[in-house]
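Inspection log for the structure reproduced underneath, given as structure tokens.
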Amino acid sequence: MDSSTVARPKPAPTNASPKDNSIVKIAVQMSPRPPQFIEFNQKQPLLAIIQELCNFWGLSLDPNESQYSLRFNMEENRAFVSEKNRLDVKNGFVLELGLSPSKITQGILKQLSGTPEEKIKAVQELSAYCNDPTFAAEFTDKKGMEMLISYVETTDAGKFSDLTKANALPAFVDLMDHGLTQWDVLEPAFIKKVAGLINNQSNLQDSRTLQASLSILESLVLQSAKYSAVERELTIPNLAMHLQNPSPAIQQNALALINALFLKADDAKRNAIAGTLNVRQIRNSIVMNIITVPGRASGNEMAHQLHVLQTLMLNVLEDRMNRALDPGDTEAQEKVRELRRIAFDGSDGGSGSLDPSVKDVTTRHPKTSPRDFRKLGFKNDTTPLNDFAQTPPGALALDVMLYFARYHPEKYTRVVLENSGRGDEYDCPFARAAIELTKLLCEILKIGEPPQEQGTSFHPMFFNHDHPFEELFCVCLVVVNKTWKEMRA
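Counting in my numbering, the sequence shown runs from 4 upward without gaps.
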């Protein structure tokens, strides 16, 4: 910069000493005017500094409003200079004098009341300032959020491209991030419009708009009383479609919204969501598009969302884990009889279905004896259901034992028979071992505990199988039995 062209206004007289650290030497520019080199006194009111700059450049000022403000002029920092951040101004900085947040807000609000083209232009301008806390406070104070919300609500369904072109929803998210507006102010019309951008796969929209839409609805679910309004507009399969999006940010936001809906659902809806997410197509989307993509699941936020999803899926087992079985429970009695039949009658349990309504239908019904249940490893051989009175693991232990018998009948029969006649000092009784193992797995996997706020641990195996907990149990039981035999040989 040619020093001969730089104007140096006479510094305002101050009481600060020459070595006072409150004075920094900076440059101020305002295109196309020549820049000014000034001494920026941290003890002098900002308005007085701006007044001196405007006087030097011959700018007219309205005494009733703030027309101009200083901004940082760095690539990483374009914030307006305020009383809160003025100490960030250091020696050698270059600041920029321009319109104040108040003046900019006035212009944007005027355009938001104009033609569709003017509204798009207004929101585009808004996008350039919405990250700034000083501007956000001014815009919110002047009821700008209400006008922006109205703009989104009244945009015709056939003109979604206007929202995209204007970056309306990313700007809205940035403004909400300042915490100046409560999420509860949003009405069903706004929610329906944003959900439409997510649900309609035919909409050609940029990634920022879709990312913002997912983020908005997640925040509504978690930070407002609008869960029901959001849940009515979305389906898990539609959200899961976005897990195939090549953008990691969109995948992450889609997963976060699914988790939010899952977390806030009541027990009945939670079970339904778990059933939907357990469909192989959706599990494969998570595995193929996120978990197995190099570096995709290693980021803290993506790993956290996978941790949350895994925790919520496993927690569906909590009800069974904490449910003690009543000796008079006829359904549970039939399950125990089926365990006996598969082990000792050479049956595979019939259908191999986990549906409790599908039972083993045989032509003969041999009388069961306490001796058979003793061989199965029950402590209470006359009333084996009493073994499931302790919670945890409660009814869950019987569920996984029956799964092992139905889906791995050969391994099940081998484990039972190997431990039914060698003597108590050698046996690893199946039922007792299975109940203790189920309890141990529940403790290790922290079933029933909420997701950790900073948790990032997850196990891909829980996304690779229709019944991951049951399969884990089966593998572990075989290993336990094998290890027991080797140690007692």
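Backbone N, C-alpha and C define an ideal beta-carbon position, used for all residues, glycine too.
Can you tell me which residues form a DSSP beta bridge with residue i?
{"i": "Val-27", "result": "Phe-43"}
{"i": "Arg-74", "result": "Phe-83 and Glu-99"}
Is the Cβ-Cβ distance between residue i and residue j less than 8 Å?
{"i": "Thr-118", "j": "Gly-147", "result": "no"}
{"i": "Leu-315", "j": "Leu-266", "result": "yes"}
{"i": "Leu-200", "j": "Thr-184", "result": "no"}
{"i": "Phe-466", "j": "Ile-294", "result": "yes"}
{"i": "Leu-246", "j": "Ser-288", "result": "yes"}
{"i": "Ile-285", "j": "Ala-243", "result": "yes"}
{"i": "Ala-345", "j": "Tyr-230", "result": "The amino acid occupying residue 345 in the given sequence is Ile; Ala does not appear at that position. No. Outside cutoff."}
{"i": "Gly-95", "j": "His-310", "result": "no"}
{"i": "Ala-436", "j": "Leu-480", "result": "yes"}
{"i": "Phe-43", "j": "Ile-53", "result": "no"}
{"i": "Ala-408", "j": "Leu-342", "result": "yes"}
{"i": "Leu-102", "j": "Leu-73", "result": "no"}
Buried or exposed for residue i, going by 16 or more other Cβ atoms inside 10 Å?
{"i": "Val-403", "result": "buried"}
{"i": "Phe-472", "result": "buried"}
{"i": "Arg-374", "result": "exposed"}
{"i": "Met-77", "result": "exposed"}
{"i": "His-462", "result": "exposed"}
{"i": "Lys-87", "result": "exposed"}
{"i": "Pro-396", "result": "buried"}
{"i": "Ser-356", "result": "Low confidence applies here, because Ser-356 scores a pLDDT of 42, under 50, leaving its location unreliable and the question unanswered by this model."}
{"i": "Leu-50", "result": "exposed"}
{"i": "Asp-390", "result": "buried"}
{"i": "Asp-494", "result": "Since the first residue shown for the chain is 4 and the last is 492, residue 494 is missing from the structure and cannot be characterised."}
{"i": "Lys-338", "result": "buried"}
{"i": "Thr-441", "result": "buried"}
{"i": "Asp-209", "result": "exposed"}
{"i": "Asp-159", "result": "exposed"}
{"i": "Leu-166", "result": "buried"}
{"i": "Val-84", "result": "buried"}
{"i": "Ala-139", "result": "buried"}
{"i": "Asn-24", "result": "exposed"}
{"i": "Glu-474", "result": "buried"}
{"i": "Ser-218", "result": "buried"}
So, helix, strand or coil for residue i, using DSSP?
{"i": "Pro-412", "result": "helix"}
{"i": "Pro-191", "result": "helix"}
{"i": "Gln-457", "result": "coil"}
{"i": "Gln-308", "result": "helix"}
{"i": "Leu-50", "result": "helix"}
{"i": "Arg-326", "result": "coil"}
{"i": "Glu-32", "result": "In the sequence on display, residue 32 carries Gln and not Glu. Strand at Gln-32."}
{"i": "Pro-463", "result": "helix"}
{"i": "Glu-474", "result": "helix"}
{"i": "Pro-38", "result": "strand"}
{"i": "Asn-58", "result": "helix"}
{"i": "Leu-320", "result": "coil"}
{"i": "Glu-439", "result": "helix"}
{"i": "Gln-204", "result": "coil"}
{"i": "Leu-237", "result": "coil"}
{"i": "Pro-395", "result": "coil"}
{"i": "Thr-8", "result": "Residue confidence for Thr-8 is low, a pLDDT of 47 falling below 50, so the modelled location carries little weight and cannot support an answer."}
{"i": "Phe-433", "result": "helix"}
{"i": "Pro-249", "result": "coil"}
{"i": "Ala-300", "result": "coil"}
{"i": "Leu-448", "result": "coil"}
{"i": "Val-483", "result": "helix"}
{"i": "Val-92", "result": "coil"}
{"i": "Ala-257", "result": "helix"}
{"i": "Asp-159", "result": "coil"}
{"i": "Gln-185", "result": "coil"}
{"i": "Phe-381", "result": "coil"}
{"i": "Leu-280", "result": "helix"}
{"i": "Met-490", "result": "helix"}
{"i": "Asp-65", "result": "coil"}
So residue i packs on residue j, CB below 8 Å; how close in whole Å?
{"i": "Ser-130", "j": "Pro-173", "result": "7 Å"}
{"i": "Cys-133", "j": "Asp-91", "result": "Between Asp-91 and Cys-133 the Cβ distance is about 20 Å, and since that is not below 8 Å, they are no contact."}
{"i": "Leu-388", "j": "Leu-328", "result": "5 Å"}
{"i": "Ser-227", "j": "Asp-187", "result": "5 Å"}
{"i": "Asn-202", "j": "Leu-237", "result": "7 Å"}
{"i": "Asn-80", "j": "Val-126", "result": "Going by Cβ atoms, the distance from Asn-80 to Val-126 rounds to 23 Å, so no, they are not a contact pair."}
{"i": "Gln-255", "j": "Asn-248", "result": "Not really, about 10 Å apart at Cβ, beyond 8 Å."}
{"i": "Asn-325", "j": "Gly-380", "result": "So it is not a contact: roughly 23 Å between Cβ atoms."}
{"i": "Val-494", "j": "Ser-216", "result": "Only positions 4 to 492 of the chain appear in this structure, which leaves residue 494 out of reach."}
{"i": "Pro-104", "j": "Glu-141", "result": "4 Å"}
{"i": "Gly-451", "j": "Asn-318", "result": "6 Å"}
{"i": "Val-419", "j": "Lys-378", "result": "7 Å"}
{"i": "Leu-115", "j": "Tyr-71", "result": "The Cβ separation is near 23 Å, so there is no contact."}
{"i": "Ala-232", "j": "Pro-191", "result": "5 Å"}
{"i": "Leu-220", "j": "Leu-260", "result": "6 Å"}
Could you tell me whether the Cβ of residue i comes closer than 8 Å to any Cβ of chain D?
{"i": "Ser-218", "result": "The displayed structure is made up of one protein chain only, and chain D is not part of it."}
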